[in-house]
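Colleague: Please see the structure below; I have some questions.
Number of protein chains: 2
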Amino acid sequence: MTIPKSPATLVDVAERAGVSLKTASRAVNGEPHVAEATRQKVAKAALDLGFQLNSMASLLKRGIRSNFIGLVTGDLANPFYSSLAKGVERELRSQGLQLVVSSTDESGERERVLVEEMVARQVRALIVVSTHESNDTLRSAQERGIPVVFVDRPALDLTADSVVLDNRAGARLAIEHLIAAGHRRIGFIGDFSRLPTHQQRLDGYLDAIEALPTKSGQDPRELVREDFHDAAGARGAALELLSLSTPPTALFTSNNRVTIGALTAFRGLPVAPALVGFDDFDLSDVLGVTVVSHDPVEMGSRAARIALETLESRQPGGEPVVLPVRLIERGSGEAAPGVDWR
Amino acid sequence: MTIPKSPATLVDVAERAGVSLKTASRAVNGEPHVAEATRQKVAKAALDLGFQLNSMASLLKRGIRSNFIGLVTGDLANPFYSSLAKGVERELRSQGLQLVVSSTDESGERERVLVEEMVARQVRALIVVSTHESNDTLRSAQERGIPVVFVDRPALDLTADSVVLDNRAGARLAIEHLIAAGHRRIGFIGDFSRLPTHQQRLDGYLDAIEALPTKSGQDPRELVREDFHDAAGARGAALELLSLSTPPTALFTSNNRVTIGALTAFRGLPVAPALVGFDDFDLSDVLGVTVVSHDPVEMGSRAARIALETLESRQPGGEPVVLPVRLIERGSGEAAPGVDWR
DNA sequence: AATCCTGCGGACAGCGCTGTCATACTGGCG
DNA sequence: CGCCAGTATGACAGCGCTGTCCGCAGGATT
Chain X
1 MTIPKSPATL VDVAERAGVS LKTASRAVNG EPHVAEATRQ KVAKAALDLG FQLNSMASLL
61 KRGIRSNFIG LVTGDLANPF YSSLAKGVER ELRSQGLQLV VSSTDESGER ERVLVEEMVA
121 RQVRALIVVS THESNDTLRS AQERGIPVVF VDRPALDLTA DSVVLDNRAG ARLAIEHLIA
181 AGHRRIGFIG DFSRLPTHQQ RLDGYLDAIE ALPTKSGQDP RELVREDFHD AAGARGAALE
241 LLSLSTPPTA LFTSNNRVTI GALTAFRGLP VAPALVGFDD FDLSDVLGVT VVSHDPVEMG
301 SRAARIALET LESRQPGGEP VVLPVRLIER GSGEAAPGVD WR
Chain Z
1 MTIPKSPATL VDVAERAGVS LKTASRAVNG EPHVAEATRQ KVAKAALDLG FQLNSMASLL
61 KRGIRSNFIG LVTGDLANPF YSSLAKGVER ELRSQGLQLV VSSTDESGER ERVLVEEMVA
121 RQVRALIVVS THESNDTLRS AQERGIPVVF VDRPALDLTA DSVVLDNRAG ARLAIEHLIA
181 AGHRRIGFIG DFSRLPTHQQ RLDGYLDAIE ALPTKSGQDP RELVREDFHD AAGARGAALE
241 LLSLSTPPTA LFTSNNRVTI GALTAFRGLP VAPALVGFDD FDLSDVLGVT VVSHDPVEMG
301 SRAARIALET LESRQPGGEP VVLPVRLIER GSGEAAPGVD WR
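Protein chains in written order, with the UniProt record's numbering: chain X, 1 to 342; chain Z, 1 to 342.
Here's what the structure looks like:
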């Protein structure tokens, strides 16, 4: 019904208040040297006209590119990423910055497009969970002076800050925990093998496995299954491992989706294998699942803080920030071989 | 190391390419009437200088407000909201629009601030899961010509589009299902009582309960517990209900967090009460929890589509879009009174 | 030869705002 | 009383870009 009347400008406000444009600007922006009475007049005029400062014009004039920080993640619907986003947002809030998000669905091509779009939209900084298929566009964003902070997955071939987890230690901890419970055949189900997080977690697994006295000729990777990015795929991998002639008595699942997939595979089994998962998740306590836990919200906050500091002239590209992980025992990781933990 | 050289402007590009500003503009924007050779020259110059069109200036000049759509939700870390965000983002993607998100943490005051900020940042449209504490700022956004679409919770006292679930029918369905399994004392654990979703789900509950032959003097709200917004609170409510002298034999939990809270309360009980939850969640199948399910991603998409249509001159404020819900039987809702379903 | 395209390129204004500089007026102080 | 510091206000340019209008060349048309 309402005609989309073009919004009031500062000129209109100034006119209505009977003051100059500049004075109106000062009043609206809360600058000093404006008489209280004048301030009131301008405020009233602004209210009457439904005036809203056009921040685009304001930022343009001041040579500021924008008030947005871009976050590029895999999939917003994954709780890990959305917690990350929450952490980032919380940090930005205090600075009057806003968060622009988008999901790559782990496609390098989409990552490229999204980063380009964000750069075109003048984001102040980029926080990226990179697919690591290519980083040309990220590099060129950097070259344009846009701070790029890698999160969860470190920067590769690129001097940039990153905030990551202590993946290798976490995985080793998990496997050693299973070994301590008596397990010797421990399966590993992992994400895309190109991802650094995956590789590090696998390294941690191998560290612990290779420390075990082995029958000669044994392949430490015999029970390793990789490149499963969703729960359904991980479920299949778990079923396959469990149907081996000598199946593993325990599994290590390298992220939340994989853990969930494995759990769905256990339904109907007389004895569920012991399990330690990387990433905590809702209901892990109800289910009694032992996990390598960490704080994705904190990870997002840290990344955001680094991005903001870089904006304030901090030198980019220092050592990666490595956040600690810890094992939370809930039962599934403490069950001895052949013992059901449910 | 790199000095944050001030980015190249179109003037620089034009100069370097030896053409006029306007010609460079035409070339960069792919407008017609530019000779192929000229286009090449400009492209090369732009590349050399690392030129990036300043979209703020461009949009300002063209009188376009921005390419952003704002989404204001309760808490990004809640899978329900992040799925919603995913749906919105997916829809925007094809239009070259980007998504700005922020969380209110269910505070009306924060909602106010966020909406104002987004309006100041010139978002093209707003998609809101309103706290419903007040809608003044949303109304004024509307008056400025910014389409506002309510999602999950309908518009109140405001002519605006909304996309909601069939909450009442869903809740009634759930309760009738429990009644069919033999339950007569069914507890209700709900969210903030001010939320329309809550009220509708409670109405659905009461519909079904009141259809039951009652002992006179019986209060249909005897087993209703409200205003629990997180899992911890819901857990307490569940424990309290179960410790009544005549405890309910079944529970209806009105959203995903409440359901999870109730589930954590069941640990250690010899017999878990039957349970139907509103909202599906990860691992509901592993746990065997019967739920009233729906598609939050689709809900986000629909809301985004409506926002985009309104931008394209569709009349705002039609009938609310009501999305269907369906019951998924997984065991917890089919157990007879006194029978453990786990 | 006069006319009209069509393809190409440029000059200029101005989007809405703020930084700079200038002006006018107050009061205090030596 | 003259001068300076401080406060209140305004005129104006210009951020980087694009829409409008205009000019010029060369080929087609009458």
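Note that CB positions come from ideal geometry on N, CA and C, so glycine has one too. This one's a predicted model, so the numbers in the text were calculated from it and none came from an experiment.
Of all the options X:Arg168, X:Asp280 and X:Gly18, which has the alpha carbon lying nearest to the alpha carbon of Val322 (chain X)?
Modeller: X:Arg168
Colleague: Exposed or buried, what is Glu106 (chain X) when buried is set at 16 or more other beta-carbons lying within 10 Å of its beta-carbon?
Modeller: buried
Colleague: Under 8 Å by Cβ, that's how I've got Leu84 (chain X) and Met299 (chain X) pegged, so tell me the actual separation to the nearest angstrom.
Modeller: 6 Å
Colleague: CA-CA distance, Glu329 (chain Z) and Leu71 (chain X)?
Modeller: 38 Å
Colleague: At a CB-CB cut-off below 7 Å, which residues of chain X make contact with Gln52 (chain Z)?
Modeller: Val119, Ala120 and Arg144
Colleague: Between which residues of its own chain and Thr2 (chain X) is the CB-CB distance below 8 Å, once the five residues before and five after are set aside?
Modeller: Any reading at Thr2 (chain X) must be qualified, since the residue scores a pLDDT of 45, below 50, and its modelled position is unreliable; no value is offered.
Colleague: Given that Gln98 (chain X) touches chain Z, what residues does it touch there, using C-beta distances under 8 Å?
Modeller: Val100, Ser102, Glu117, Met118 and Arg121
Colleague: Is Gln218 (chain Z) helix, strand or coil when you go by DSSP?
Modeller: Note: Gln218 (chain Z) maps to coil in three-state DSSP.
Colleague: Can you grab the Cα-Cα spacing for the pair Pro154 (chain Z) / Ser193 (chain Z), in whole Å?
Modeller: Approximately 15 Å between the Cα atoms of the pair.
Colleague: List, in chain order, every chain Z residue whose beta-carbon is nearer than 9 Å to that of Asp285 (chain X).
Modeller: Thr264 and Arg267
Colleague: What's the call for Glu91 (chain X), buried or exposed, on a 16-neighbour Cβ count within 10 Å?
Modeller: buried
Colleague: Please tell me whether Asn67 (chain X) has its Cβ less than 8 Å away from any Cβ of chain Z.
Modeller: yes
Colleague: For Phe80 (chain Z), which residues in the same chain have their Cβ closer than 7 Å to its Cβ, ignoring the five residues on either side in sequence?
Modeller: Asn256, Asp279 and Pro296
Colleague: Determine the closest residue to Gln98 (chain X) out of Z:Val113, Z:Pro337 and Z:Leu195, with distance taken between C-alpha atoms.
Modeller: Z:Val113
Colleague: Grab me the residues of Ala17 (chain X)'s own chain with a C-beta within less than 7 Å of its C-beta, minus the 5 sequence neighbours each way, in chain order.
Modeller: Ala24, Lys41, Val42 and Ala45
Colleague: Show which residues of chain X have a CB atom less than 8 Å away from the CB atom of Glu86 (chain Z).
Modeller: Checking the sequence shown, residue 86 (chain Z) turns out to be Lys, not Glu. Neighbours of Lys86 (chain Z) on chain X, chain order: Asp75, Leu76, Ala77 and Ser103.
Colleague: Does any CB atom of chain X fall closer than 8 Å to the CB of Met299 (chain Z)?
Modeller: no
Colleague: Measure the C-alpha to C-alpha separation of Leu47 (chain Z) and Asp136 (chain X) and round it to an integer number of angstroms.
Modeller: 14 Å
Colleague: For Gln98 (chain X), which three-state DSSP category applies?
Modeller: Strand, per DSSP.
Colleague: Can you check the segment 125-198 of chain X for any beta strand (DSSP E) of at least 3 residues that lies completely inside it and give the ranges in chain order?
Modeller: 125-128, 148-151, 161-165 and 186-189
Colleague: By how many angstroms is the C-alpha of Leu206 (chain Z) removed from the C-alpha of Arg185 (chain Z)?
Modeller: 12 Å
Colleague: Could you tell me which whole alpha helix (DSSP H) segments of length 4 or greater appear in the UniProt domain "HTH lacI-type" (8-62) of chain X?
Modeller: 10-17, 21-28, 36-49 and 55-62
Colleague: According to DSSP, is Ser82 (chain X) part of a helix, a strand, or is it coil?
Modeller: Here Ser82 (chain X) sits in helix by DSSP.
Colleague: Could you give the residue range of the beta strand (DSSP E) that holds Thr259 (chain X)?
Modeller: Boundaries for Thr259 (chain X): no beta strand (DSSP E) harbours it, while the alpha helix (DSSP H) harbouring it runs Asn256 to Ala265, taken from the DSSP string.
Colleague: Taking three-plus beta-carbon pairs below 8 Å as touching, is the segment 139-151 of chain Z in contact with the segment 309-328 of chain Z?
Modeller: yes
Colleague: Mind checking the UniProt domain "HTH lacI-type" (8-62) of chain Z against chain X and listing, in chain order, the residues whose C-beta falls within less than 8 Å of any C-beta there?
Modeller: Gly50, Gln52, Leu53, Asn54, Ser55, Met56, Ala57, Leu59 and Leu60
Colleague: Please decide whether Asp282 (chain Z) counts as near chain X, where near means a Cβ-Cβ distance under 8 Å.
Modeller: yes
Colleague: Under 8 Å, with one C-beta from each stretch per pair, do the segment 117-133 of chain X and the segment 176-184 of chain X reach the 3-pair mark?
Modeller: no
Colleague: Run down chain X in chain order and give the residues with a C-beta less than 7 Å from the C-beta of Glu176 (chain Z).
Modeller: Ordered by position in chain X, no residue passes the 7 Å Cβ test against Glu176 (chain Z), which lies about 27 Å from the chain.
Colleague: Give the residues from the segment 216-249 of chain X that approach chain Z closer than 9 Å (Cβ to any Cβ), ordered along the chain.
Modeller: Ala231
Colleague: Need the endpoints of the alpha helix (DSSP H) that Ile306 (chain Z) sits in, please.
Modeller: Per DSSP, the continuous alpha helix (DSSP H) segment holding Ile306 (chain Z) begins and ends at Pro296 to Leu311.
Colleague: I need the DSSP call for Val88 (chain Z), collapsed to helix, strand or coil.
Modeller: helix
Colleague: DSSP three-state label for Val322 (chain Z), please.
Modeller: Strand, per DSSP.
Colleague: Given this structure, state the Cα-to-Cα distance separating Ala174 (chain Z) from Pro248 (chain X), to the nearest angstrom.
Modeller: 41 Å
Colleague: CA-CA distance, Val258 (chain Z) and Ser20 (chain X)?
Modeller: 56 Å
Colleague: Identify every residue that forms a DSSP beta bridge with Phe252 (chain Z).
Modeller: Answer by DSSP bridge pairing, in chain order: Z:Phe188 and Z:Val276.
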